[in-house]
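Okay, so here's the structure we're looking at.
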Amino acid sequence: MSTASLRARYLGDTVTTASPQRLLVMLYDRLALDLERGHAALTAGDRETATEQLQHAQDVVFGLLESLQIDAWDGAPRLAALYNWLITELGSAIVKGDLRRVADCRKIVEPLRDAWREAAASLAAAPA
1076 MSTASLRARY LGDTVTTASP QRLLVMLYDR LALDLERGHA ALTAGDRETA
1126 TEQLQHAQDV VFGLLESLQI DAWDGAPRLA ALYNWLITEL GSAIVKGDLR
1176 RVADCRKIVE PLRDAWREAA ASLAAAPA
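Each residue of the sequence shown is one higher than the one before, counting from 1076 in this note's numbering.
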């Protein structure tokens, strides 16, 4: 097997065996990475790569929004509103090549990612 196919298999196995909490953290990790890469590409003047990265970030946020169960907890409607804001900001950042909008998204996403990571770790450490 090639290195690429082994990597793809490993990633596939990781996703299919991950807990829902771990999957959420993985999505936030990828979202943060997409934003970081998109910001770096815009800074370097590479609009094509920036657009790819920011569109993927937008896709991740759409997935997070679609999977959000609004009736599950009181904070869900506010989180949905935040996801919608991120989608709008990312769309504007793509169209305008706006570094500030990407930076604003990163300021929101990175602390959320860290909070979800802590919550997932707490759940994993809790006795069954």
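C-beta atoms are modelled at their ideal positions from N, C-alpha and C, and glycine is treated no differently.
C-alpha gap between residue i and residue j, whole angstroms
i	j	result
Ser1167	His1131	14 Å
Pro1152	Leu1108	25 Å
Leu1139	Ser1077	32 Å
Asn1159	Arg1176	14 Å
Gln1133	Ala1116	16 Å
Arg1112	Ala1155	24 Å
Ala1119	Trp1148	41 Å
Gly1150	Asp1121	37 Å
Thr1163	Leu1157	10 Å
Pro1202	Ala1196	12 Å
Leu1165	Ala1093	28 Å
Leu1161	Ala1200	31 Å
For residue i, the nearest candidate out of the options (CA to CA)
i	options	result
Val1136	Ala1115, Gly1150 and Met1101	Met1101
Glu1185	Leu1098, Ala1093, Leu1106 and Gly1113	Leu1106
Lys1182	Ala1196, Tyr1103, Ala1201 and Ala1093	Tyr1103
Ala1178	Ser1094, His1114 and Leu1161	His1114
C-beta contact flag for residue i and residue j at 7 Å
i	j	result
Trp1096	Leu1187	Residue 1096 is actually Gln in this sequence, not Trp. In this structure, Leu1187 does not lie closer than 7 Å to Gln1096 by Cβ.
Cys1180	Leu1110	yes
Notebook entry, point to check: Within the chosen definition, does the region 1131–1145 reach the region 1187–1197 through at least 3 CB pairs nearer than 8 Å?
Noted result: no
Next item on the list: Report yes or no: do the region 1167–1178 and the region 1118–1131 share at least 3 C-beta pairs separated by less than 8 Å?
Entry: yes
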